[in-house]
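Asker: Got a structure for you, written out below as structure tokens; questions coming shortly.
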Amino acid sequence: MGVDMLVDAHCHAHSLNEEVLGRIEDGIIVIAVSEDLESSLKTLELTEKFENIMPFIGIHPWSLEEITQQEIDEVIGLIERRDDVKGIGEVGLDGKRGNREKQMDVFKSFCRLSAEYDLPMNIHARDAWADVLGILRKMDVESAIIHWYNGPLSLLEEMRECGYMITINPAARIQPRHMDVLREAPLDMILTESDGPYEYRGLRLGPDMIEDLVKLIAEVKRMPAKDVEDAIEFNFRRIFR
Ligand SMILES: [Zn+2]
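Counting from 421, one number per residue, gives the positions in the sequence shown under the working numbering.
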């Protein structure tokens with residue numbers, strides 16, 4: 421598949437700068453996600469500086485706790501008006517935190533935009549896995565990444581049939597539940613992610629961990645790392661069809 425290309429399919433734009441990207445140079449393509457209006461604008465700015473960043477904008481379900489309707493409308497306006505937006509995220513539902521009704525409302529608006537403008541979604545679905553999948557299907561979302569999937573293994577096949585992807589995070593090394601997902605999910609629905617700069621049990625996550633994550637996936641799937649890398653790059657291209 422040509423030159424080697426690693427994929428970080430979910431990294432927060434505010435953690436990306438010259439230093440972080442300089443360390444990994446050109447061999448990686450990063451989906452930079454946003455959490456609110458300010459970070460959405462910053463994500464779009466970053467794209468002007470770095471070619472290997474795909475800007476996704478949106479409002480994180482946790483951010484909804486203190487956001488105004490005007491801010492929500494402005495983010496929606498950016499998606500409608502700017503053709504440098506390549507996707508919608510991080511958006512979604514959180515079964516453990518926040519106001520479910522408000523989350524539903526806003527998430528559905530983003531799903532509508534995804535279907536209308538043919539933009540892939542990058543989704544937070546913690547403890548709301550089945551609800552998220554149901555909404556995506558009902559609202560005709562064609563391209564979606566469910567990030568750091570830790571939901572029921574029984575939903576994987578349905579997601580795969582819809583053409584949705586999940587991301588595997590470097591935390592799989594120390595999070596048994598996530599390792600089970602990695603073992604169970606077919607490679608053709610897997611993308612790699614860092615969720616940088618999030619810290620999980622002392623693990624400082626960042627795009628420089630993707631290379632090691634590919635090795636872990638290769639061990640679990642009993643394949644050469646090069647083949648895993650190619651498969652993930654292929655999956656990544658499918659997201660943007
Ligand atoms: Zn995230």
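Cβ coordinates follow ideal geometry from the N, Cα and C atoms, glycine included.
Since the model is a prediction, treat every value here as computed from it, not as a measurement.
May I ask you to check if the CB of residue 598 is nearer than 7 Å to at least one heavy atom of ligand 1?
Answerer: no
Asker: For a test of the three-state rule: what should DSSP assign to residue 544, helix, strand or coil?
Answerer: strand
Asker: Can you tell me whether DSSP reads residue 475 as helix, strand or coil?
Answerer: strand
Asker: Pick out whichever of 581, 567, 538 has its Cα sitting closest to the Cα of residue 561.
Answerer: 538
Asker: Could you compute how far the alpha carbon of residue 517 sits from the alpha carbon of residue 480?
Answerer: 12 Å
Asker: Rounded to the nearest angstrom, what separates residue 486 and residue 492 at their Cα positions?
Answerer: So the alpha carbons of these two residues sit roughly 11 Å apart.
Asker: Does the distance from the CB of residue 592 to the CB of residue 623 come in under 8 Å?
Answerer: no
Asker: Can at least three beta-carbon pairs, one atom from the region 524-535 and one from the region 462-476, be found at a separation below 8 Å?
Answerer: No: the two stretches stay apart, fewer than three of their Cβ pairs being nearer than 8 Å.
Asker: Going along the chain, which residues of its own chain have a beta-carbon closer than 8 Å to the beta-carbon of residue 649, five neighbours each way excluded?
Answerer: 424, 425, 426, 634
Asker: By Cβ distance below 8 Å, which residues in the same chain neighbour residue 638 in space, the five residues on each side in sequence not counted?
Answerer: 644, 645, 647, 648
Asker: Quick check on the DSSP output: the beta strand (DSSP E) that includes residue 585 runs from which residue to which?
Answerer: 585-588
Asker: Measuring CA to CA, which of 607, 553, 438, 642 is closest to residue 564?
Answerer: Nearest in C-alpha terms to residue 564, of all of 607, 553, 438, 642, is 553.
Asker: Measuring alpha carbon to alpha carbon, tell me which of 545, 535, 577, 597 ends up nearest residue 414.
Answerer: In the structure as shown, the chain begins at 421 and stops at 661. Residue 414 is therefore absent and cannot be evaluated.
Asker: Check residue 512 in the structure and name its three-state DSSP category.
Answerer: strand
Asker: Using C-beta distances below 8 Å, list every residue in its chain close to residue 511, excluding the 5 sequence neighbours before and after it, in chain order.
Answerer: Contacts found: 478, 479, 480, 481, 526, 527, 530, 541, 542, 543, 544.
Asker: Looking at residue 655: is its Cβ nearer than 8 Å to the Cβ of residue 625?
Answerer: No, Cβ-Cβ distance for residue 655 and residue 625 is not below 8 Å.
Asker: From which residue to which residue does the alpha helix (DSSP H) around residue 632 run?
Answerer: 630-641
Asker: Any chance the CB of residue 428 is under 7 Å from a heavy atom of ligand 1?
Answerer: For residue 428, the shortest separation between its Cβ and any heavy atom of ligand 1 does not lie below 7 Å.
Asker: Alpha carbons only, please: which of 636, 450, 495 is nearest the one belonging to residue 613?
Answerer: 450
Asker: Check whether the Cβ atoms of residue 609 and residue 580 sit closer than 8 Å, and answer yes or no.
Answerer: Against a cut-off of 8 Å, the Cβ pair of residue 580 and residue 609 comes out as a contact.
Asker: Could you check the C-alpha separation between residue 429 and residue 651 for me, to the nearest Å?
Answerer: 14 Å
Asker: Is it buried or exposed for residue 456, if we count other Cβ within 10 angstroms and need 16 for buried?
Answerer: buried
Asker: With a CB to CB cut of under 8 Å and the five nearest residues on each side skipped, what residues in its chain are close to residue 421?
Answerer: Bear in mind that a pLDDT of 41 at residue 421, under 50, signals an unreliable position, so the number given afterwards is only what the model happens to contain. Result list for residue 421: 650, 653, 654, in chain order.
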